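0 is the number of the first residue of the sequence shown in numbering that gives the first Met the number 0; add one for each residue after it.
Just so it is clear, CB atoms sit at the ideal spot from N, CA and C, and this is done for glycine as well.
A quick note: this is a predicted structure, and the numbers were derived from the prediction, not measured.
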Amino acid sequence: MAKKKKQEEAPAGSPAWMATFSDLMNLLLCFFVLLFAMSSTDTAKFEELAQSLASSFSIFSAGGSSVGEGELIASGVRQLNNLGVYFSNLGVASESETQADIEKEYEKKKEEEQKEETQAQYEKVKKELQDNGVDSVIDVEMDADFQYVMLSMKGGILFQSGSADIMEDAKPVVGKLGVILKKFSKFEIRIEGHTDNVPISNRSRYTSNMALSAARSGSVYDYLVNNAGLSAKNLTTSGYGENQPIANNNTTQGRAKNRRVVVKIMTSISEK
């Protein structure tokens, strides 16, 4: 008579698969904790959303309210998933708005600093002109956009008609201008020449008002560098001819104002 095989006894303790399953659950829990820690939640908007959903759809309390065209929340999770997407979009929009606000505040602060710098520089230049006794022949203005302080000298004081050579009587004025500009040597300094719209009668030396204006700004540049001791690295020159009038060229007084040399001390604040 064949003997019955003795039934194998199950090993003591939990099944082996359960340990593996527990490890997997722990890893998933850690993963979602990390995701939550790295996310940014707008608490105020979450509370507003929760209150709205609770009152309209009864999501947070028992009930059978429907979303959309009569579909019950209890019938599936599709609509809840859509609400999750909506909430995620709220977070992205909030983050974008925050970044825009930060950039806007930065630009506003930068503009205020620029304005304060230009106003302070204007007062310094004005005082320097008075201290050096040239405030009656050199006008000073401040740019409306607070980008520079502008010094302006009439061309009739500096040059003879049709000439770009600085007159002897004007050289002390340009020399004192150099003394003042030395105190602002860390800024970019632009020298600009301007003329009226009267064509040059003698074209043997300068073919146009544009060429004459460029030569006049160059003469002031040369004097400031060679005689007043300014560094050439921060100086630039340009000529605009008759293209930027500040007065009516149809009158004698207007043309006299348009014939000028302008020195701009830039006050742009560099990025910090």
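So, is residue i buried or exposed, given that buried needs 16 or more other C-beta atoms within 10 angstroms?
{"i": "S60", "result": "Here the model assigns S60 a pLDDT of 46, short of 50, so the residue's position is not dependable, and the following value carries that caveat. The residue is exposed, with fewer than 16 neighbouring Cβ atoms inside 10 Å."}
{"i": "F20", "result": "exposed"}
{"i": "K256", "result": "buried"}
{"i": "Y105", "result": "exposed"}
{"i": "R254", "result": "buried"}
{"i": "G67", "result": "Note that G67 scores 47 on pLDDT, short of 50, meaning its location in the model is unreliable; the coordinates nonetheless yield the value given after this. Per the 10 Å Cβ criterion, exposed."}
{"i": "Q98", "result": "exposed"}
{"i": "G69", "result": "Low per-residue confidence applies at G69: pLDDT is 47, beneath 50, and the placement is therefore not dependable enough to give any value."}
{"i": "F31", "result": "exposed"}
{"i": "S218", "result": "buried"}
{"i": "A15", "result": "exposed"}
Which residues does DSSP list as the beta-bridge partners of residue i?
{"i": "Y147", "result": "M265"}
{"i": "K153", "result": "R259"}
{"i": "S237", "result": "E191"}
{"i": "M141", "result": "V148"}
If I'm right that residue i touches residue j with Cβ under 8 Å, what's the distance once you round it to whole angstroms?
{"i": "H193", "j": "V262", "result": "About 12 Å; that fails the 8 Å criterion."}
{"i": "V124", "j": "I264", "result": "7 Å"}
{"i": "G132", "j": "R258", "result": "The Cβ separation is near 23 Å, so there is no contact."}
{"i": "I188", "j": "N248", "result": "Between N248 and I188 the Cβ distance is about 28 Å, and since that is not below 8 Å, they are no contact."}
{"i": "A169", "j": "R215", "result": "No, A169 and R215 are not in contact; Cβ-Cβ is about 11 Å, not under 8 Å."}
{"i": "L157", "j": "I165", "result": "6 Å"}
{"i": "L229", "j": "K181", "result": "6 Å"}
Between the region 181-199 and the region 228-245, do at least 3 Cβ pairs fall closer than 8 Å? Taking 8 Å as the limit for Cβ pairs, the verdict is that the region 228-245 does touch the region 181-199.
Pair every Cβ in the region 208-227 with every Cβ in the region 110-127, then say whether three or more of these pairs are closer than 8 Å.
As far as the Cβ criterion goes, the region 208-227 does not touch the region 110-127, which means the pair count is below three.
Q. Does the region 112-123 touch the region 136-147, meaning 3 or more C-beta pairs lie closer than 8 Å?
A. Counting Cβ pairs under 8 Å, three or more are found: they touch.
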